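Some notes on the structure that comes next.
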Amino acid sequence: MTASLTCKKIFSLEAGHVYTWETAEGVTGNILIDPGGAVARPCTLDGIPLGDMLLDRNVGNVENPDRNLRLRRAFLIAASAIFQGLEMQGRLPEKITRTYW
Numbered sequence: 012m013t014a015s016l017t018c019k020k021i022f023s024l025e026a027g028h029v030y031t032w033e034t035a036e037g038v039t040g041n042i043l044i045d046p047g048g049a050v051a052r053p054c055t056l057d058g059i060p061l062g063d064m065l066l067d068r069n070v071g072n073v074e075n076p077d078r079n080l081r082l083r084r085a086f087l088i089a090a091s092a093i094f095q096g097l098e099m100q101g102r103l104p105e106k107i108t109r110t111y112w
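Residue 112 is where the sequence shown ends in the working numbering, and the numbering goes up by one at each step.
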């Protein structure tokens, strides 16, 4: 089984950087990464945070996880890939494509 993830930065706001993401399973969404590159939150296409779920990279856990397991899993994978890109490049990447086996 192969799964993939694609994330693309669509714009930056004062509140942070907005990415759109999609998994091979067809789950899609948007994610807002704060200006410091430490906190990820689900958001609208315009960068408005949705719900209370967030992932703090410095703490390493998710607060207020979404009840939808597929959405929660996809959000964690997208946030993790973006944070890993930040660590590797020293800045938030413009685009990320990952394939998992």
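Cβ coordinates follow ideal geometry from the N, Cα and C atoms, glycine included. Predicted model, so just to flag it, every value in this text is computed and none were measured.
Item: Is the beta carbon of W32 less than 7 Å from the beta carbon of A89?; Value: yes
Item: Distance check for I21 and Q95, CA to CA, integer angstroms please.; Value: 18 Å
Item: Would you call the CB atoms of A85 and V38 closer than 7 Å?; Value: yes
Item: In three-state terms, what does DSSP make of E74?; Value: strand
Item: Using alpha carbons as the reference points, say which of A35, Q100, T17, D77 lies closest to R52.; Value: D77
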